[in-house]
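Participant:
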Amino acid sequence: MARADRPLSPHLGIYRWQVANGLSILHRATGVFLSLGTLVLIGWLIAVASGYQAYVRVNDWLMGPLGALLLLGWTFSFFYHLCNGIRHLGWDIGLGFDKERARMTGWLTVVVSVVLTLGFWATALAGGGA
Amino acid sequence: MSLQTPLRRVLGLGSAKEGSGHWWAQRLTAVALVPLGLWFVFAALGLEHGQHEIVRAWIAEPANSILLILLVITLLYHSYLGLQVVIEDYVHGALKIATLVIVQFLHVLLAVGGIYAVISTTAGGGS
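The listed protein sequences derive, respectively, from chains A and B.
In terms of my numbering, the first sequence is residues 73 to 202.
In terms of my numbering, the second sequence is residues 137 to 263.
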């Protein structure tokens, strides 16, 4: 079946780094990282259902240094994957596919996800009394 | 240049005949996760340092229970579809099958665990 001379898509190493492929890889990376986050989401839901002590243990870990760092990563990943996902859905229906527009929405995606992440944590720290 | 036969291009399904199903499910869950994800993340802002009782009461609200169960199902389905593609791209041979099986089992386990936890909390569990 597999013939040695069949056309192959270019290997990753051959690409010049630019916005488009960087953001594409970041979409995958944030997606995989968010998949890991589902463990914590489900763990949190189970802890709530298990009772006060289990909940406090999970909550303390999430508010600790490692937990907080992970939550920061997950909120950025969520907002980035969301914004870039909407960009992808636009492409699926044929919107913004030309090079200039794709580059512009790429940078827009980065800026919006950083702003949303900062806004989220500013609100959380101001309102949550941490 | 296209590697598809003209007939297959007309049918548009690719050689495995189910590629469009995966593609469609990934988009459908993505669209559903836009409102569900935003709802959860901003609802969590109000609960972030919440006492156990407050979080429990919030989950037990009927609208929140329903949305949380929808979120758990949609999120884990979307997560599986995405990880499946990543594994198929980077893991090869027997390890690929093993990884796919483990990841799929884990997603089903997490989905059932999450749904059970929400229902249990709604029914008064954890108090």
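For each residue, glycine too, the CB sits at the ideal point set by N, CA and C.
#1: Since P82 (chain A) is in the alpha helix (DSSP H), which residue starts that stretch and which ends it?
#2: Within the same chain, show all residues whose beta-carbon is closer than 6 Å to that of A126 (chain A), passing over the 5 residues directly before and after it, in chain order.
#3: Below 7 Å CB to CB, which residues in the same chain sit around L246 (chain B) once its five sequence neighbours on both sides are set aside?
#4: I need the DSSP call for G229 (chain B), collapsed to helix, strand or coil.
#5: Take W133 (chain A) as the anchor and find which of A:T147, A:W116 and A:A121 has the nearest alpha-carbon.
#6: Give the single residue among A:W193, A:R173 and A:T110 whose Cα lies nearest to the Cα of L242 (chain B).
#7: Using three-state DSSP, classify W89 (chain A) as helix, strand or coil.
#8: Give the DSSP-derived three-state secondary structure of F150 (chain A) in the structure shown.
#9: Pick helix, strand or coil for A161 (chain B), following the three-state DSSP scheme.
#10: Going along the chain, which residues of its own chain have a beta-carbon closer than 7 Å to the beta-carbon of F148 (chain A), five neighbours each way excluded?
Facilitator: Judging by the given coordinates:
#1: Careful: P82 (chain A) lies outside any alpha helix (DSSP H) and carries neither H nor E.
#2: A119
#3: L212
#4: coil
#5: A:W116
#6: A:T110
#7: coil
#8: helix
#9: helix
#10: S185 and T189
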